[in-house]
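Remarks on the structure that follows.
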Amino acid sequence: MRRLAVFAALAVALLLGGAWLYRQQQAQIPRRASFVIFGGLTEVELRGVPEPAAAAAFGAVGETLQRDQRAWHPWEMSDLLRLNAAIAQGESYQTSDELAGLLRAAQRAYVGSDGLFNAAVGSLVDLWGFHTSDYPITAPPPPDGNIAAILAMRPRMSELRIADDGTVTSSNRAIQLDLNGLAEGYAAEQIAAVLHERGIADALINVGGDVLALGSAGARAWRVAISSPQHQALAEVELQGHEALFSSGNYNKFREVEGRRWGHVLDPRTGRPARGTAAVSVIHGDAVVADVASTTLMIAGPTDLVRIARRLGVACVVLVADDGAIWITPAMQRRLRFTTAPARLSVTEDIGNDCSSAAPVAAPAPQ
Numbered sequence: 628m629r630r631l632a633v634f635a636a637l638a639v640a641l642l643l644g645g646a647w648l649y650r651q652q653q654a655q656i657p658r659r660a661s662f663v664i665f666g667g668l669t670e671v672e673l674r675g676v677p678e679p680a681a682a683a684a685f686g687a688v689g690e691t692l693q694r695d696q697r698a699w700h701p702w703e704m705s706d707l708l709r710l711n712a713a714i715a716q717g718e719s720y721q722t723s724d725e726l727a728g729l730l731r732a733a734q735r736a737y738v739g740s741d742g743l744f745n746a747a748v749g750s751l752v753d754l755w756g757f758h759t760s761d762y763p764i765t766a767p768p769p770p771d772g773n774i775a776a777i778l779a780m781r782p783r784m785s786e787l788r789i790a791d792d793g794t795v796t797s798s799n800r801a802i803q804l805d806l807n808g809l810a811e812g813y814a815a816e817q818i819a820a821v822l823h824e825r826g827i828a829d830a831l832i833n834v835g836g837d838v839l840a841l842g843s844a845g846a847r848a849w850r851v852a853i854s855s856p857q858h859q860a861l862a863e864v865e866l867q868g869h870e871a872l873f874s875s876g877n878y879n880k881f882r883e884v885e886g887r888r889w890g891h892v893l894d895p896r897t898g899r900p901a902r903g904t905a906a907v908s909v910i911h912g913d914a915v916v917a918d919v920a921s922t923t924l925m926i927a928g929p930t931d932l933v934r935i936a937r938r939l940g941v942a943c944v945v946l947v948a949d950d951g952a953i954w955i956t957p958a959m960q961r962r963l964r965f966t967t968a969p970a971r972l973s974v975t976e977d978i979g980n981d982c983s984s985a986a987p988v989a990a991p992a993p994q
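Each residue of the sequence shown is one higher than the last, beginning at 628 in our numbering.
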């Protein structure tokens with residue numbers, strides 16, 4: 628009897644050990660889900676999460692993104708569209724919490740970028756036909772007079788008032804808000820918060836090709852690629868902890884007529900697409916900052932890269948000019964591994980060592 632009891636105990640131990648090993652193996656399987664939002668694809672990959680917990684997390688992520696779609700969509704029915712209609716009528720409008728948070732982030736970006744990031748010029752975005760998911764656009768560019776008429780009304784984020792309860796007012800009826808320049812970064816941080824609430828530490832969040840890495844990919848860092856304007860791998864970088872890699876460029880969303888191309892990033896000073904820069908990539912510990920900086924530095928170009936990067940508090944930047952020349956900050960150079968050695972590489976002056984948390988430089992607000 629004693630021998631049978633020992634055998635039974637061993638059998639139970641083996642079964643329990645096997646069950647534990649199975650759970651551990653299952654937890655290491657990458658869990659992935661995809662979501663279509665704002666006409667683009669968002670993908671989330673989790674590590675170290677059992678299937679039931681992953682399914683629950685993906686459900687919560689989907690609900691968050693659906694709320695965002697209802698709040699921010701720039702040309703389909705949304706809270707943002709109703710807000711724009713109210714501003715055009717000279718009326719106040721109480722926004723959702725989601726939209727109010729994004730608007731406050733856009734105001735901070737306006738100040739930090741010295742006005743180069745101006746989410747109030749949605750009328751110009753619409754005029755150029757960039758309120759669409761269908762690219763390339765082949766219609767002729769808008770008339771100069773139409774652009775000048777909007778610029779003359781000076782729509783600026785500094786003329787937007789957001790009360791504590793989310794009520795928005797403006798004395799400038801020309802303001803039409805377009806938040807695409809930071810919406811993906813904001814959504815990525817929202818997803819990260821959803822995962823954090825559920826105790827999920829290791830994940831890769833891909834929003835329309837821009838990524839926010841959490842923790843690690845098992846025993847190693849997350850490894851991601853930066854694409855060139857020619858849709859080839861330009862470089863690789865490893866991300867871990869809580870780091871975002873965001874890029875902006877003129878090679879995916881553009882208007883092209885008779886061989887001439889206009890990218891979708893508009894310079895609010897001219898009302899026309901920014902010229903001279905093909906692509907910018909930024910690493911930062913805040914996905915919203917990385918998103919804003921990649922867009923803004925497309926406008927700033929290599930001549931104003933250092934000043935604007937300092938204002939925004941980003942130390943890791945790589946910029947590719949239209950002619951193929953590359954500018955890179957020292958901190959970014961230490962992080963990147965180019966797949967092919969660049970023919971023309973210029974290293975900027977040092978603007979900080981920490982890609983994740985460079986402090987922005989205090990500067991006066993733009994007028």
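Ideal Cβ placement from N, Cα and C applies to all residues, glycine included.
This one's a predicted model, so the numbers in the text were calculated from it and none came from an experiment.
Item, Value
"Best match in 854, 800, 872, 895 for proximity to residue 878 [C-alpha to C-alpha]", "854"
"Beta-carbon gap between residue 758 and residue 702 smaller than 8 Å", "yes"
"Status (buried if at least 16 other CB within 10 Å, exposed otherwise) for residue 784", "buried"
"C-alpha distance - residue 770 paired with residue 756, whole-angstrom precision", "12 Å"
"Proximity test, residue 805 beta-carbon vs the ligand PLP heavy atom, cut-off 7 Å", "Looking for the ligand PLP in the displayed structure turns up nothing, as the structure carries no ligands at all."
"Test item: CB-CB of residue 760 and residue 782 under 8 Å", "no"
"Nearest neighbour of residue 674, chosen from 831, 916, 865 [CA to CA]", "831"
"Burial state of residue 707 (16 or more Cβ within 10 Å)", "buried"
"Supposed contact pair residue 711 and residue 803 - C-beta distance, whole angstroms, cut 8 Å", "5 Å"
"Segment limits, beta strand (DSSP E) that includes residue 907", "904-911"
"Pair within 8 Å by beta-carbon distance, residue 963 and residue 834", "no"
"Per-residue DSSP class, three states only, for residue 899", "strand"
"Delimiting residues of the alpha helix (DSSP H) encompassing residue 744", "It is not in any alpha helix (DSSP H) - residue 744 carries neither H nor E in the DSSP assignment."
"Proximity winner among 875, 893, 857, 827, relative to residue 869 (alpha-carbon distances)", "827"
"Residue 727 classed as buried or exposed, judged by whether at least 16 other C-beta atoms fall within 10 angstroms", "buried"
"Rounded straight-line distance, which links the Cα of residue 716 to that of residue 840", "42 Å"
"At least 3 beta-carbon pairs within less than 8 Å: the region 884-902 vs the region 688-700", "no"
"Beta-carbon separation (whole angstroms), residue 829 vs residue 812, contact threshold 8 Å", "So it is not a contact: roughly 20 Å between Cβ atoms."
"Below-8 Å beta-carbon distance, residue 955 vs any chain C residue", "Judged by its chain identifiers, the structure shown contains no chain C, having just a single protein chain."
"Local conformation of residue 870 per DSSP, three classes", "strand"
"Three-state secondary structure (DSSP) of residue 762", "coil"
"Per DSSP, cross-strand counterpart(s) of residue 813", "None, per the DSSP bridge assignment."
"According to DSSP, residues forming a beta bridge with residue 948", "904"
"N-terminal and C-terminal residue of the alpha helix (DSSP H) that residue 926 is part of", "914-927"
"DSSP three-state assignment for residue 699, whether helix, strand or coil", "helix"
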